[in-house]
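Quick note on the working numbering: the sequence shown kicks off at 201 and runs consecutively. Glycine included, every Cβ here is placed at the ideal spot set by N, Cα and C. On a predicted model such as this, the values are computed, not experimentally measured, just so you know.
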Amino acid sequence: MLEHQQKYTFVRGMSSLSKREKWILLVPVLLLLPVFIWAGYWELFQPEDWKKILESGKVWQKNLFVFLPFGLVLFVQGGIYWVHRSSKLVIDGTGVFLEWPSDSVFAKWKLLQKRLVWADVKSASYMLSVRGVVLLSKTNSILWTIRLKDWKFSSVEPSQYAIKPAEIDLLSVFRELDIFRDASKDPAQFDLMKHPVTRSILLGICALLVYCFFDVMIQQEGWAFFNIAYLLPHAIFAVLATIVLAWAASTANKRQPPPKGITAFLVVLASFSFLATSYVAGIRINQFAGGPLISAEYHRDDRCENLIPVDKSLPVVEYTHKTKDYWCSREVDEVQTVKVRKGLFGHYQFDLSEQIQAIRDYKKESTATNVPPANSKSH
201 MLEHQQKYTF VRGMSSLSKR EKWILLVPVL LLLPVFIWAG YWELFQPEDW KKILESGKVW
261 QKNLFVFLPF GLVLFVQGGI YWVHRSSKLV IDGTGVFLEW PSDSVFAKWK LLQKRLVWAD
321 VKSASYMLSV RGVVLLSKTN SILWTIRLKD WKFSSVEPSQ YAIKPAEIDL LSVFRELDIF
381 RDASKDPAQF DLMKHPVTRS ILLGICALLV YCFFDVMIQQ EGWAFFNIAY LLPHAIFAVL
441 ATIVLAWAAS TANKRQPPPK GITAFLVVLA SFSFLATSYV AGIRINQFAG GPLISAEYHR
501 DDRCENLIPV DKSLPVVEYT HKTKDYWCSR EVDEVQTVKV RKGLFGHYQF DLSEQIQAIR
561 DYKKESTATN VPPANSKSH
């Protein structure tokens with residue numbers, strides 16, 4: 201153990217995201233990537249389409265639920281780094297303390313300070329996954345994770361008791377305290393596929409994603425709109441399913457529970473799987489519980505971008521800029537037969553397989569017409 205008078209001081213250094221934090225930020229991006237690929241394929245990134253979207257008065261309201269979580273994460277993460285930029289970590293023979301300079305407003309208000317004496321430490325471990333030391337208090341059962349890369353050595357008092365400054369780092373100081381528990385219990389050594397709880401969650405996520413993939417490949421119907429009204433039921437289902445999963449994971453296998461951080465990450469990952477599955481499966485449910493699939497009459501609009509129903513109670517079929525050439529080749533008065541189904545909660549879905557095939561045939565003919573013969577020679 202450290203001498204009682206010996207005091208090490210560390211200051212904030214340049215830090216970066218851990219692997220777990222990178223995965224947490226990367227998972228939503230990976231889930232949104234197919235959406236962007238689909239949008240790029242249909243040329244949703246054309247200036248005309250962006251202008252149309254941005255000019256819509258409800259576009260920000262419809263997408264607020266998408267941007268708000270990301271904005272909140274960035275705000276909180278940036279706020280934490282800003283608040284702790286002038287903090288210092290002090291370790292001595294009595295405990296470990298997170299403090300601010302005496303002239304700091306946080307020191308005057310005694311805000312955000314952390315103090316943990318060694319007598320109150322229930323357990324301490326080094327987690328390779330986050331490259332940090334995890335301390336658990338006996339009194340309040342709160343975890344304190346101290347990442348090594350966030351701190352750099354500043355000073356030691358008195359200096360005659362210290363080892364060479366070049367050899368001092370945060371991990372060596374904690375090792376000198378001899379407070380780490382058995383490495384066999386380290387979450388860094390945890391195997392996801394060997395524990396029944398984490399293995400069940402992983403296999404469940406894989407099963408849901410496999411179902412979504414194959415169902416999307418074979419189904420012919422799709423939701424009429426992609427907005428908050430159509431997404432809200434699926435979001436509610438995902439939240440409820442996540443709560444049930446979190447409760448089940450916390451109550452299962454209490455004798456040998458998996459690490460809470462790993463379980464929480466898997467539950468969050470499963471919540472996105474619940475959302476995607478509900479969105480895809482909802483189409484199938486509407487086919488059985490909703491109304492019949494009817495053939496309705498539509499006409500293209502003057503801008504060759506939408507199909508307008510003759511029956512005004514039916515939804516408009518919205519198309520992208522990429523299909524404009526095809527719809528402009530159709531007469532305004534020409535009747536377009538669209539298969540429509542009214543499902544649960546008044547949500548509509550379309551079967552546009554005939555229109556999709558017609559657009560593909562048109563593009564093939566246009567491409568074949570514009571390609572010069574193979575035996576032609578330039579002069």
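With a threshold of 16 other CB atoms inside 10 Å of the CB of residue i, please say whether the residue is buried or exposed.
i       : result
Gly-213 : exposed
Arg-484 : exposed
Lys-542 : buried
Phe-488 : exposed
Thr-567 : exposed
Leu-408 : buried
Thr-477 : buried
Val-535 : exposed
Arg-500 : buried
Gly-546 : exposed
Trp-447 : exposed
Ser-529 : exposed
Phe-210 : buried
Gln-206 : buried
His-449 : Before going on, a small fix: residue 449 reads as Ala here, not His. Ala-449 is buried by the Cβ-count criterion.
Phe-374 : buried
Leu-335 : buried
Leu-544 : exposed
Ala-324 : buried
Gln-557 : exposed
Leu-392 : exposed
Gln-313 : exposed
Leu-466 : buried
Leu-552 : buried
Leu-343 : exposed
Met-327 : buried
Leu-445 : buried
Val-296 : buried
Leaving out the 5 sequence neighbours to the left and right, which residues in its chain are closer than 8 Å to residue i when beta-carbon positions are compared?
i       : result
Arg-331 : Ser-218, Arg-347, Leu-348, Lys-349
Ser-513 : none
Asp-502 : Val-532
Ile-379 : Trp-318, Val-321, Ala-324
Asn-575 : Residue placement at Asn-575 cannot be trusted, given a pLDDT of 46 that sits under 50; the coordinates are not used to answer.
Pro-492 : Arg-541
Val-416 : Val-480
Which residue from the options puts its Cα closest to that of residue i?
i       : options                            : result
Asp-292 : Ser-450, Tyr-411, Gly-461, Trp-318 : Trp-318
Gly-490 : Leu-431, Glu-421, Ala-449, Ser-529 : Glu-421
His-521 : Asn-506, Leu-514, Val-211, Lys-512 : Asn-506
Gln-549 : Leu-336, Ser-355, Ala-424, Ser-513 : Ala-424
Thr-339 : Asp-320, Ser-355, Thr-345          : Asp-320
Glu-497 : Val-532, Tyr-479, Gly-482          : Val-532
Thr-294 : Leu-316, Leu-392, Phe-413          : Leu-316
Ile-462 : Thr-398, Asn-427, Leu-552, Ala-452 : Thr-398
Ile-368 : Tyr-208, Met-327, Thr-569, Val-444 : Tyr-208
Phe-426 : Ile-418, Tyr-411, Trp-527, Val-516 : Val-516
Tyr-430 : Gln-419, Leu-343, Asn-486, Lys-314 : Asn-486
Ile-401 : Asp-561, Ile-418, Ala-452          : Ala-452
Glu-357 : Glu-554, Val-290, Asp-561          : Val-290
Quick one: what's got a C-beta closer than 6 Å to residue i's C-beta in the same chain, skipping five residues either side?
i       : result
Lys-460 : none
Leu-371 : Leu-348
Lys-524 : Cys-504
His-395 : Pro-458
Ala-481 : none
Val-510 : Glu-497
Ile-559 : Thr-523, Tyr-526
Val-333 : Tyr-326, Ile-346, Phe-374
Name the DSSP beta bridge partners of residue i, please?
i       : result
Asp-292 : Lys-207
Met-327 : Gly-332
Lys-352 : Val-211
Lys-314 : Leu-298
Gly-422 : Phe-550
Ile-342 : For Ile-342, which the question treats as bridged, DSSP gives no partner whatsoever.
Arg-347 : Gly-332
Val-321 : Ser-337
Report all residues from its chain with a CB closer than 7 Å to the CB of residue i; omit the five preceding and five following residues, and keep chain order.
i       : result
Ser-495 : Thr-537, Lys-539
Ala-441 : Phe-474
Lys-352 : Phe-210, Val-211, Gly-213
Phe-437 : Phe-474, Ser-478
Ala-435 : Leu-475
Thr-569 : none
Lys-563 : none
Ser-355 : Thr-209
Tyr-519 : Glu-505, Asn-506, Trp-527
For residue i, decide whether its Cβ has a neighbour in chain D, counting only Cβ atoms nearer than 7 Å.
i       : result
Ser-325 : Of the protein chains in the structure, only one exists, and it is not chain D.
Entirely enclosed alpha helix (DSSP H) segments - the segment 536-575, minimum 4 residues: Within the segment 536-575, the complete alpha helix (DSSP H) runs of at least 4 residues are 553-570.
Secondary structure, alpha helix (DSSP H): runs of 4+ residues fully inside the segment 476-536: Within the segment 476-536, the complete alpha helix (DSSP H) runs of at least 4 residues fall at 524-528.
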